[in-house]
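**Student:** Quick note on the working numbering: the sequence shown kicks off at 43 and runs consecutively. Note that the Cβ used here is the ideal one computed from N, Cα and C, for glycine as well. Here you go, one structure.
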Amino acid sequence: MGRKATVNLNLPTGMRARKRKTRNGIVTWYYFDTGGKPRKEIPLGNDYVKACQKWSELSLQKLDKAHQITFVQALQRYILEVIPKKAPKTQRNNIYHTKRLKLFFGGDNPVLLEDIDAGHIREYFKWRHKAPVAANREIALFNHIWTYCRPAHWGYTSKESPSKDIKRNKEQPRDVYVEDYIYSILYKYGGQDLRDAMEIAMMLGQRPCDTAKIHTDHIQKGVLTIKQNKTSNALRFVVTKRLQEIITRRAPHGGFLFLNNRKRKMTTDNLQYRFDIARSLAIQNHPEHAEELAQIQFRDLRAKSATDKSLVSSEEEASKLLGHASVNITKKVYIRRTLPIIPFEHKGDEIAEQV
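Have a look at this one:
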């Protein structure tokens, strides 16, 4: 058994990195290790991205000859070719979920694609019983990787996904609703950055990442256009008087509306950090609402915006605000309150007459 690598852990299996001295300094060159003895290495160049592409092509040639394609090898190609095309947050989530898939289907005895069946998927869910929601996400990713393994894409297998008929773990959609008095308390203890972000999140109903990236260049002729990170949908909002007041205060000379302490574009982590501070102060000063406050996150303002919009307008308008293609997802996940039901009351004299 070969030694476990301790450097260049970012390299795909079978790629080697060698540092070479040149007149311009030290340059890293990449090679494809064909395996076997004596060792043979094929040069891939000194551009990491292009080297990975060549590695993928050579790996496929090697695999096609051996007819021994494992799921982990297919997953590695998916990481190199498919994941980079996704939204940044989706990329991070996918990479995180691949770790468990690698561990289960890889290890010392990697499972061949053709050997994977429904039994493996059932065992996977048992293995991940302590994290049922994460297991659902991981198997969803497994299924997408398998789609790429089919004839329409890479042609590794003609089998349908083994996860097709396997029942997923039950999930309960997040049902936290920020009541108006809770919103007011959090607003009270937030700094100006957070207060403005909360107001805009409520007005526009966008995800934290889309709220944080708003720039004055996105405003043309009184219309603010936001291209959503997750879906790439472009939503157009009328710049109302109140929205314009916040924009003018945040960026009087133009630029991003929300900046961190280094005067750079604020990240979602920066935003959540400010929210966490306000929430902690609110809990300290309002212990009677500690339980409600503790479960609130900045992202819940998107659901509050959708819910409140549906109550004063309609579910369809709420769905449009959030940028959903279907009102069903809005109703299922984001609308967390409905109008109160008016009790039916008999008039006292009507009941008396019947008696």
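Around the Cβ of residue 278, are there at least 16 other Cβ atoms within 10 angstroms (buried) or fewer (exposed)?
**Tutor:** On the sequence shown, residue 278 is found 236 positions in, with the first residue counted as 1. With fewer than 16 Cβ atoms within 10 Å of its Cβ, residue 278 is classed as exposed.
**Student:** Does residue 294 pass the burial test, meaning 16 or more other C-beta atoms within 10 Å, or should it be called exposed?
**Tutor:** Here residue 294 is taken as the residue at index 252 of the sequence shown, counted from 1. Answer is exposed; the Cβ neighbour count stays below 16.
**Student:** State the DSSP-derived secondary structure class of residue 159, mapped to helix, strand or coil.
**Tutor:** Taking the sequence shown and counting its residues from 1, the one referred to as residue 159 is at position 117. Here residue 159 sits in coil by DSSP.
**Student:** Keeping to the same chain, check which residues put their C-beta closer than 8 Å to that of residue 292; ignore five residues upstream and five downstream.
**Tutor:** As a first step, residue 292 is located in the sequence shown; it is residue number 250 there, counting from the start. Same-chain partners within the cutoff: 238, 299, 300.
**Student:** Is it true that the CB of residue 324 sits closer than 8 Å to the CB of residue 228?
**Tutor:** On the sequence shown, residue 228 is found 186 positions in, with the first residue counted as 1. On the sequence shown, residue 324 is found 282 positions in, with the first residue counted as 1. Cβ atoms of residue 228 and residue 324: closer than 8 Å.
**Student:** For my contact list, residue 12 and residue 341 are in at a C-beta cut-off of 8 Å; report their separation, rounded to the angstrom.
**Tutor:** What the structure shows of the chain is the stretch from 43 to 397, and residue 12 is not part of that stretch, so it cannot be assessed.
**Student:** Can you check DSSP and say which residues form a bridge with residue 70?
**Tutor:** The sequence position of residue 70 within the sequence shown is 28, counting from 1. Answer is 61.
**Student:** Hey, out of 53, 386, 89, 288, whose CA is closest to residue 69's CA?
**Tutor:** Position 27 of the sequence shown, counted from the start, is the residue given in the question as residue 69. Nearest of 53, 386, 89, 288 to residue 69, Cα basis: 89.
**Student:** Answer yes or no: do residue 244 and residue 100 have a C-beta to C-beta separation smaller than 8 Å?
**Tutor:** For the purposes of this step, residue 244 is taken as residue 202 along the sequence shown, with counting starting at 1. For the purposes of this step, residue 100 is taken as residue 58 along the sequence shown, with counting starting at 1. Their beta carbons are not under 8 Å apart, which means residue 244 does not touch residue 100 by this criterion.
**Student:** Output the distance between the C-alpha atoms of residue 368 and residue 359, rounded to the nearest integer angstrom.
**Tutor:** Taking the sequence shown and counting its residues from 1, the one referred to as residue 368 is at position 326. Taking the sequence shown and counting its residues from 1, the one referred to as residue 359 is at position 317. Taking the straight line joining both Cα atoms gives about 11 Å.
**Student:** Leaving out five residues on either side along the sequence, give the residues of the same chain with a beta carbon under 7 Å from the beta carbon of residue 164.
**Tutor:** Along the sequence shown, read from residue 1 onward, the residue named residue 164 stands at position 122. Counting only Cβ-Cβ distances below 7 Å, and skipping sequence neighbours, we find 208.
**Student:** Looking at C-alpha atoms only, which residue of 363, 319, 199, 139 is the closest neighbour of residue 110?
**Tutor:** On the sequence shown, position 68 is the one that residue 110 refers to. Per the Cα distances, 199.
**Student:** Can you give me the C-alpha to C-alpha distance between residue 107 and residue 127, rounded to a whole angstrom?
**Tutor:** As a position in the sequence shown, residue 107 is number 65, starting the count at 1. As a position in the sequence shown, residue 127 is number 85, starting the count at 1. At residue 107, the pLDDT of 47 sits below 50, so the modelled position is not reliable; the number obtained from the coordinates is stated separately. Between residue 107 and residue 127, the C-alpha separation is close to 29 Å.
**Student:** Would you call the stretch 267–284 in contact with the stretch 311–319, where contact means no fewer than 3 C-beta pairs closer than 8 Å?
**Tutor:** no
**Student:** Which residues does DSSP list as the beta-bridge partners of residue 75?
**Tutor:** Position 33 of the sequence shown, counted from the first residue, corresponds to residue 75. According to DSSP, residue 75 bridges with 83.
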